[in-house]
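Reviewing the structure listed below.
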Amino acid sequence: MNPVRQHRGDFHWKDVDVLEYKDEGSAPFKDVTRQVLFGDPSFPAQLRYFEVAAGGWTTLERHEHTHAVMVIRGRGQCLIGEKAHEIGQNDLVSVPPMTWHQFRAAPDQPLGFLCMVASERDRPQLPSEEEHAKLSRVQAR
């Protein structure tokens with residue numbers, strides 16, 4: 190693999206595939222793509238770029254591994270635990286282990302962020318219907 194992969198504009202990189210966020214039907218989400226920027230098996234971490242289209246959202250989930258996130262495009266909101274936060278370009282977000290989290294794009298623009306996670310990580314857990322209803326109310330404020 191070439192050690193340099195040029196930025197092609199509009200948050201796409203040469204030789205980096207734009208992938209579906211998750212398998213359709215595996216968990217609820219709306220209008221999200223992902224690109225694995227650094228995912229070599231020899232690396233201890235993986236760096237991905239996620240883009241949430243205007244009005245879209247990621248899955249509400251939690252897991253054992255942490256996330257380190259940097260917003261590089263647009264604005265929106267993130268739910269971390271039971272608190273919603275406004276986020277925008279260059280903001281940093283830490284997601285601790287076993288903490289419910291979700292990212293939502295503003296209705297008028299996409300939200301793009303870099304996300305670093307351990308290469309080896311556990312599978313996400315989804316909330317119960319009751320937990321989802323409670324956390325969705327927090328998100329809507």
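Note that the working numbering has the sequence shown beginning at 190, numbered continuously upward. By construction, the Cβ of each residue, glycine as well, lies at the ideal position given by its N, Cα and C atoms.
In the DSSP output, which residue or residues are listed as bridge partners for residue i?
i	result
Lys272	Ile269
Leu208	Arg223
Leu236	Phe227, Met305
Gly198	His201
Val241	Val221, Leu300
Whose C-alpha, out of the options, is nearest the C-alpha of residue i?
i	options	result
Asp280	Pro233, Cys267, Phe218, Val241	Cys267
Gly244	Asp220, Arg251, Pro233	Asp220
Ala257	Ala295, Glu319, Ser317, His290	His290
Can you round the beta-carbon distance between residue i and residue j to whole angstroms, since I take them to be within the 8 Å contact cut?
i	j	result
Arg237	Cys304	5 Å
Val306	Gln235	6 Å
His252	Asp212	So it is not a contact: roughly 17 Å between Cβ atoms.
Leu315	Glu250	6 Å
Less than 6 Å between C-beta atoms, sequence neighbours within five positions excluded: which residues of the same chain meet that for residue i?
i	result
Val225	Arg237
Q: Give, in chain order, every unbroken run of the alpha helix (DSSP H) that is at least 4 residues long and sits entirely within the stretch 252-319.
A: none
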